[in-house]
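In my numbering, the protein residues as written are 13 to 197.
Yeah, the Cβ is synthetic: ideal placement off N, Cα and C, and Gly gets one too.
The structure displayed is predicted, hence computed values, not measured ones.
First the structure, in the form of structure tokens, and then the observations on it.
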């Protein structure tokens with residue numbers, strides 16, 4: 013595939029999980045790593061360790077542009093990693109981040125509809141875990157906000173090599189089959 017970096021020596025591979033907030037990227041990545049034995053890395057966790065504060069706080073104090081520049085550099089540094097990499101919902105949508113991920117590994121879009129995402133994010137907010145992007149949006153306005161925002165990001169997500177609808181399939185089984193197929197080469 014054009015633009016791909018050849019992977020040699022035991023098929024060391026990178027899988028980038030992307031999708032909208034609340035779709036379950038980090039949760040599914042952890043489950044996939046445990047079941048497959050592949051290492052797992054979370055870009056947001058790596059960034060928070062580097063900046064020594066929550067991303068939401070960094071954005072409040074330094075601004076989104078400063079965060080996106082930091083995120084871009086961290087993404088470029090994933091070339092030294094192998095395994096499963098979950099990225100933030102906005103990561104593919106800025107700079108040439110999607111092209112970087114496409115060049116370094118397999119991009120996997122975890123897809124879910126607005127209703128599914130709305131329910132998960134409302135439940136999360138009611139449990140005290142509101143996402144910074146949704147701060148100030150009333151619960152009954154989540155569906156409209158998510159629908160519009162998801163539409164803005166869809167062109168980036170749809171570029172992924174693999175699309176897994178998390179609502180209709182056992183996404184973990186699909187991911188395990190994908191990694192097993194690629195190991196056989």
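For residue i, which residues from the same chain have a beta carbon less than 7 Å from its beta carbon, with the 5 sequence-adjacent residues on both sides left out?
i	result
residue 91	116
residue 172	30, 119, 120, 121
residue 60	66, 67
residue 175	121, 123
Below 6 Å CB to CB, which residues in the same chain sit around residue i once its five sequence neighbours on both sides are set aside?
i	result
residue 101	32, 33
residue 110	104, 168, 171
residue 124	35, 178, 179
Hey, how far is the Cα of residue i from the Cα of residue j?
i	j	result
residue 53	residue 148	30 Å
residue 25	residue 163	30 Å
residue 14	residue 128	At residue 14, the pLDDT of 37 sits below 50, so the modelled position is not reliable; the number obtained from the coordinates is stated separately. Approximately 35 Å between the Cα atoms of the pair.
residue 76	residue 188	35 Å
residue 98	residue 55	6 Å
residue 72	residue 49	37 Å
residue 160	residue 126	10 Å
residue 88	residue 107	12 Å
residue 28	residue 113	7 Å
Secondary structure at residue i, three-state DSSP: helix, strand or coil?
i	result
residue 93	coil
residue 58	helix
residue 29	strand
Which same chain residues end up closer than 8 Å to residue i when comparing Cβ atoms and leaving out the 5 residues on each side of it in sequence?
i	result
residue 143	33, 34, 133, 136, 137
residue 63	70, 82
residue 184	40, 43, 44, 47
residue 51	45, 93, 94, 95, 96
Any beta carbon from chain B within less than 8 Å of residue i's own beta carbon?
i	result
residue 83	Of the protein chains in the structure, only one exists, and it is not chain B.
ask   = Using 8 Å as the threshold, is the segment 123 to 138 in touch with the segment 40 to 50, meaning 3 or more CB pairs across them?
value = Output reads no: the segment 40 to 50 does not touch the segment 123 to 138.
query = Considering only residues of the segment 107 to 143, which uninterrupted alpha helix (DSSP H) runs meet the minimum length of 4 residues and lie entirely inside it, listed in chain order?
reply = Listed in chain order, the complete alpha helix (DSSP H) runs (minimum 4 residues) inside the segment 107 to 143 are 109 to 116, 126 to 138.
task = Enumerate, from N- to C-terminal direction, the unbroken alpha helix (DSSP H) stretches of 4 or more residues contained entirely within the segment 156 to 196.
result = DSSP runs (the alpha helix (DSSP H)) wholly in the segment 156 to 196: 183 to 196.
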